[in-house]
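In UniProt numbering, the protein residues as written are 1 to 508.
See below:
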């Protein structure tokens with residue numbers, strides 16, 4: 001009996017309670033008790049279903065009048081009323097929707113206060129011409145007992161509690177939507193739609209340390225105590241420099257760590273970085289997008305290495321630090337800034353690669369290494385890497401020392417060694433040319449066209465290496481093309497005897 005009673009009258013009961021009805025008032029209005037008390041006139045017999053529907057209709061529409069914002073749109077009104085119609089069963093639900101569709105202009109006019117609520121409900125065939133609705137008017141303004149405010153605070157608070165337990169967004173969203181099923185049937189779908197539409201905003205406010213009540217106030221689900229409470233912005237924790245940008249950077253990185261937990265892959269990090277700026281306050285969104293776009297690959301690299309948020313943002317130069325996080329310094333006897341920087345670049349690449357020194361891995365590290373340099377050195381680093389990119393790849397593949405690599409590209413000078421005297425030059429040139437020839441052949445060019453382009457490329461090498469490169473192409477080009485049909489570029493050079501079969505470090 002209890003279940004049946006609640007199922008049948010739940011919406012009416014809630015509306016009357018919202019209207020400050022006590023138990024006698026509720027049960028009298030529903031026709032389940034006799035006598036008078038509270039706001040309503042006695043009902044001596046059980047009210048017909050149509051009477052209940054009429055009372056609900058009027059109460060809900062009056063509620064809309066008091067609480068919907070002034071700038072309400074036609075689409076919002078239609079949506080809300082369609083949701084109301086869904087609460088009726090069978091043909092009545094569709095009839096209600098038809099009435100809404102056909103009379104939306106009149107309904108909008110009502111919401112400006114020009115048409116009585118009972119007129120709307122009569123149009124929907126929920127109230128008869130002579131029927132009097134005994135409900136006391138719902139109080140103006142939202143209150144803490146309001147259904148929508150209560151639903152918002154309960155659901156958002158549940159989400160915040162789950163987020164504090166270091167669960168992923170996806171898991172929290174699923175769990176909160178599952179909790180919606182514990183509500184009575186009339187609210188389950190509404191609750192789940194509420195989660196779908198608002199979840200990203202909840203996460204944003206959670207990151208900004210907002211409470212559930214503050215969130216519901218800021219989105220107009222609950223009334224402000226005096227004035228609207230705005231979403232809190234993080235307070236700058238650093239001094240010096242652009243403290244807001246520093247704080248934004250640390251917030252972004254911390255968010256990525258919170259979302260990923262212990263399963264950090266490059267793809268997952270990129271996915272989180274691509275959506276994080278949608279969750280920051282609007283005032284910071286453009287700055288966030290600019291920061292993430294500028295440092296995207298470097299952010300991925302540093303997060304993969306488990307740098308703390310502070311270390312990441314200090315490395316990017318966005319936060320000040322008394323102990324700057326920077327790439328390892330390489331001892332050198334050559335005082336040339338270009339030499340020092342070159343060796344530092346190569347050493348960082350080796351440190352990142354560890355024992356996995358494939359061509360793909362080397363290229364990946366060269367693409368991101370300049371971001372690890374101090375701000376004052378980044379442009380010089382970019383210039384060096386861009387100018388000698390392919391040569392650096394080839395030299396690092398040979399496992400040469402940083403000194404040997406930088407002497408080969410002439411950023412550093414050996415005791416009295418010219419580039420053409422370098423014992424590893426034949427392997428370097430062969431490796432570089434093999435990759436270049438292989439790529440050119442993939443474009444369906446003729447052998448003559450490829451040979452001509454490769455010789456032109458030789459002229460871009462440092463002086464001393466150009467002639468050796470051209471002679472190598474002229475002497476071995478036909479054999480080269482044939483070998484590349486069956487072997488990888490590096491294997492071709494090993495077959496020619498120009499590169500060692502085992503990765504070694506030639507003696508200078």
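For every residue, glycine included, the Cβ atom is placed at its ideal position computed from N, Cα and C.
Mind the definition here: the segment 270 to 279 touches the segment 289 to 300 only if three or more C-beta pairs lie below 8 Å; say whether that holds. yes
Spatial neighbours of residue 368 in its chain, beta-carbon cut-off 7 Å, leaving aside the 5 residues before and after: 297, 298, 301
How would you call residue 212, buried or exposed, if buried means at least 16 neighbouring beta carbons within 10 angstroms? buried
Can you look up residue 209 in the DSSP assignment and give me helix, strand or coil? coil
For residue 155, which residues in the same chain have their Cβ closer than 8 Å to its Cβ, ignoring the five residues on either side in sequence? 176, 179, 180, 191, 194, 195
Exposed or buried, what is residue 492 when buried is set at 16 or more other beta-carbons lying within 10 Å of its beta-carbon? buried
Inter-residue spacing [alpha-carbon to alpha-carbon] between residue 347 and residue 402: 6 Å
From residue 468 to residue 448, what does the alpha carbon distance come to, in whole angstroms? 20 Å
Rounded straight-line distance, which links the Cα of residue 436 to that of residue 219: 59 Å
If we require 4 or more residues per run, which alpha helix (DSSP H) segments fall completely within the UniProt domain "Saposin B-type" (423 to 503)? 425 to 441, 447 to 458, 466 to 484, 489 to 496
Determine whether the beta carbon atoms of residue 411 and residue 458 lie at a separation below 7 Å. no
Give the DSSP-derived three-state secondary structure of residue 255 in the structure shown. helix
Is it true that the CB of residue 472 sits closer than 7 Å to the CB of residue 439? no
Are there 16 or more other CB atoms within 10 angstroms of the CB of residue 284, so buried, or fewer, so exposed? buried
Taking all protein chains shown into account, decide if residue 375 is buried (16 or more other Cβ within 10 angstroms of its Cβ) or exposed. exposed
Would you mind sorting residue 394 into buried or exposed? The rule is 16 or more other CB atoms within 10 Å of its CB. buried
How close, in whole Å, do the beta carbons of residue 363 and residue 399 come, if the pair is a contact with beta carbons under 8 Å? Going by Cβ atoms, the distance from residue 363 to residue 399 rounds to 16 Å, so no, they are not a contact pair.
In three-state DSSP terms, what is residue 179? helix
Among the candidates 409, 254, 397, 481, whose CA atom is the shortest distance from the CA of residue 387? 409
When burial is assigned at 16 or more other CB atoms within 10 Å of the CB, is residue 251 buried or exposed? buried
Do you know whose CA, among 188, 197, 149, 201, lies nearest residue 160's CA? 201
Report the three-state DSSP secondary structure of residue 413 (helix, strand or coil). coil
Using beta-carbon positions only, say whether residue 172 and residue 279 come within less than 7 Å of one another. no
Residue from 336, 269, 496 with nearest C-alpha to residue 306: 269
6 Å Cβ shell around residue 405 - same chain, five flanking residues per side excluded: 346, 395
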